[in-house]
Structures are given as C-alpha cells and as structure tokens.
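In my numbering, the protein residues as written are 449 to 788.
C-beta atoms are modelled at their ideal positions from N, C-alpha and C, and glycine is treated no differently.
Remarks on the structure that follows.
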Ligand SMILES: Nc1ncnc2c1ncn2[C@@H]1O[C@H](COP(=O)(O)OP(=O)(O)OP(=O)(O)O)[C@@H](O)[C@H]1O
Ligand code: SF4
Ligand SMILES: [Mg+2]
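Right under this line is the structure:
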C-alpha cells in the first residue's frame, strides 16, 4: 500500500434536521485513503454510507449540517474552500462519484456519449472532436463498444448504463473515484462483469477508489482496506486480510457469521438478531449495544472511543482487549440466539 495519502477525513459528523428531530447520520468518522488503493465501506442499509460520501462531495440537501475537523484532498483543505472553487476545481476533476442507482442517473433525452462529452467540455477546453475521442476511449475502458456512443439511455441495459456512469466518473482523470453501491440492483452475472471491469480499470488508471456496498462479499473481494459502518459510526477499520482473519468488533463478528460466501465451509449460517438503530436523536451509548451479546453495563450510556490494535487496524468497542474470547464465542449460534 502506498504511503501517499489522497484523502484525509477527521471527525466528520452529519445531522439531518427533520420534524422527528435531528437524524445523526454520520458520527465522528475519521479515515484516510491512500494512492492506488480501494477503500471499502460496508454496512447495513441506513447506516450512513451515502450520507458520508455525499457530505464529502457537497451533494447533501440544505437540511443536512456537516461538521469536520479536517477534510483534505491531495493536501488541499476542502472545508474552507468556497463553493464555486470546489465545483470548478474539485468536483469531478479531482473527486468523482458513481452515485447510488447510477444506472438511473443518465438523462433519458440525451445520447449517452453526448452526456459524457458535455461533462468533459464543462471542465476542460477540449474541442468536440477531442471530447468525442476521449469518450470513445472511456467507453472502451469500461467495456462498451464506442459505436454505442450515439445511443440513448433506454437502448442500454442496466449493466451498460452502470458502465456508462463509471465512464463518466473517469472522464476527467480524478485522483479519487467514489462508487456508491455500483453493483446493487444488477443480476449476479452482470455484477460479476462490472466488478471485473472495475478491477481492470484499477490496473489501467492510478486513481484511488472508495467502494461502498452493503455486500460484504463484494467488499472482501475488491478492497485493500475496509471500514465497517454501523449507526453512523465506523466500528472497525482494517486491511481486508486483517478484517477477515482477525475481525475484532462484535458487529463485524456477527456480520462475518451472517454472510455465507466468506464463512468457513460447512459452518452454520448465523444472523444478528434485531435491527439497526433509527439514528433519530443522539445515541448515548454504543450504537450496537441492543444487539450485542457481549455488552457490559456502561455500553448503553457511554460511547466507546476508537482503539488502535495495529497500524491499520482500529476498533470502537469497550471490550477490545477481550477480542480472542469474543471471536470464539461469536462463532457459536447460542451466543446470538440468547439475545432473542
Ligand atoms: N434527506 C434526508 N433527510 C433526513 N434523513 C435522511 C435523509 N437522507 C438520509 N437520511 C437518513 O440518514 C440515515 C443514513 O442514510 P443513508 O442513505 O446515508 O444510508 P446508507 O447507508 O447509504 O443506506 P443504503 O444502504 O440504504 O443506501 C438513515 O437513517 C436515513 O433515513
Ligand atoms: S462497546 Fe459494548 S455494546 Fe458496543 S460492541 Fe463493544 S461490547 Fe458490544
Ligand atoms: Mg446509500
């Protein structure tokens, strides 16, 4: 892994103001993304993944209040950057997004190629011919026939539209590409094709990727490092190898049991009983405490701090010192059933 840091985020918080009260969607999230790496963010639906990256891209609605101690992209402080400069100099050219449900993001009345050409020309002085040539090249990178450039979105399948959006995200050669659930909603074969394509793109370009998904098997296969998110918090961060060989947070231990593709052969599938917190109002204790078979008294009224276990391995749990014992217990079905 390169030591060259592309993105640093420190203590990011996002609150949505709603009639039911403030939604604490992202809580005290800190992480780095290094050059050339895929940083995966995994977590159940509603845990704050899209809010987190939309906060970085400044794409949240006015009801969202964002605070952070630091957001730095390639050494540039983004927090203090005026909106106009951010849009002209950063958005798409240094940091791009393949949004969630990207396949529905293309404008149905414009030809697919023209939409990408337009994005290129909005941020560069390229002529029509140059932008067309670049778009053809991008089509090629994502595995679309360049002669499909003049087609309309409805003439593309879901997987092809998804690839077109990935082409769009590559258009200005950004140092960081964020992909929010790039395979969700596609059938398994198409998912596999898109993932293969993303892997191939990684070989061809030197951008870093933040990959967001609720699919832990996809994250495991694609990422160099992984953050596990729950209730708006990063509960555990580690290299992909450490996360699967020495998972340490009770939530990660539960997730690992629940996903058949990464569990040991023949092992019984165990899911985590209960459901995630609503995030409305302030979370007083550990957000996982109601579902955690290992909770102790103060878990329900104190928020655990982040503890560093190794250079790239950190965990937010009061019982981080008991990990080997918890790991053993978590592999037994009875541990989780006792919560019902
Ligand atoms: N505009 C909004 N106003 C109020 N609350 C919101 C808004 N958008 C999202 N939320 C809430 O913020 C929390 C985080 O939502 P977010 O969409 O970031 O989660 P997610 O992890 O991306 O989920 P999914 O996997 O379903 O995409 C959820 O509780 C959600 O209901
Ligand atoms: S802090 Fe407590 S409730 Fe939270 S994961 Fe650790 S043991 Fe469980
Ligand atoms: Mg989302």
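Heavy atom of ligand 3 within 8 angstroms of residue i beta-carbon
| i | result |
| --- | --- |
| residue 658 | no |
| residue 498 | yes |
| residue 493 | yes |
| residue 595 | no |
Delimiting residues of the beta strand (DSSP E) encompassing residue i
| i | result |
| --- | --- |
| residue 488 | 486-490 |
| residue 583 | Here residue 583 belongs to no beta strand (DSSP E); instead the alpha helix (DSSP H) covers 576-589. |
| residue 537 | Run containing residue 537: none; DSSP gives neither H nor E here. |
| residue 766 | Taken as a continuous stretch (DSSP letters only), residue 766 belongs to no beta strand (DSSP E), as it is neither H nor E. |
Check: residue i C-beta below 8 angstroms from any heavy atom of ligand 2
| i | result |
| --- | --- |
| residue 733 | yes |
| residue 601 | no |
| residue 784 | no |
| residue 743 | yes |
| residue 752 | yes |
DSSP beta-bridge partners of residue i
| i | result |
| --- | --- |
| residue 761 | 758 |
| residue 726 | According to DSSP, residue 726 bridges with nothing at all. |
| residue 458 | 518 |
| residue 471 | 464, 728 |
| residue 659 | 488, 627 |
| residue 674 | 488, 686 |
| residue 512 | 464 |
| residue 525 | 520 |
| residue 545 | 626 |
Ligand 1 heavy atom lying under 8 angstroms from the CB of residue i
| i | result |
| --- | --- |
| residue 730 | no |
| residue 699 | no |
| residue 681 | no |
| residue 628 | yes |
Residue range of the alpha helix (DSSP H) that includes residue i
| i | result |
| --- | --- |
| residue 502 | 497-504 |
| residue 686 | No alpha helix (DSSP H) holds residue 686; the beta strand (DSSP E) holding it covers 681-687. |
| residue 567 | 560-570 |
Supposed contact pair residue j and residue i - C-beta distance, whole angstroms, cut 8 angstroms
| i | j | result |
| --- | --- | --- |
| residue 631 | residue 643 | 6 angstroms |
| residue 764 | residue 683 | 5 angstroms |
| residue 541 | residue 622 | 6 angstroms |
| residue 768 | residue 690 | Residue 768 to residue 690, Cβ: 14 angstroms. No contact. |
| residue 789 | residue 551 | Coverage of the chain is limited to positions 449 through 788, which leaves residue 789 absent and any answer about it impossible. |
- How do the region 568-582 and the region 654-667 stand: do at least 3 beta-carbon pairs fall below 8 angstroms, yes or no? Between the region 568-582 and the region 654-667 there are fewer than three inter-stretch CB-CB distances shorter than 8 angstroms, so the stretches are not counted as touching.
- Give a yes or no on contact between the region 502-520 and the region 684-696, applying the rule of three or more CB pairs nearer than 8 angstroms. Below 8 angstroms, too few C-beta pairs join the region 502-520 and the region 684-696 to call them touching: fewer than three.
- the region 554-569 / the region 528-535 touching (three or more Cβ pairs under 8 angstroms): Contact between the region 554-569 and the region 528-535 is absent: fewer than three C-beta pairs spanning the two stretches fall below 8 angstroms.
- Message: Assess contact between the region 739-748 and the region 777-787, defined as three or more Cβ pairs (one per stretch) separated by less than 8 angstroms. Is contact present?
- Response: Yes, the region 739-748 is in contact with the region 777-787.
- Message: Check whether the region 645-655 and the region 462-480 are in contact - that is, three or more C-beta pairs closer than 8 angstroms.
- Response: No contact exists between the region 645-655 and the region 462-480.
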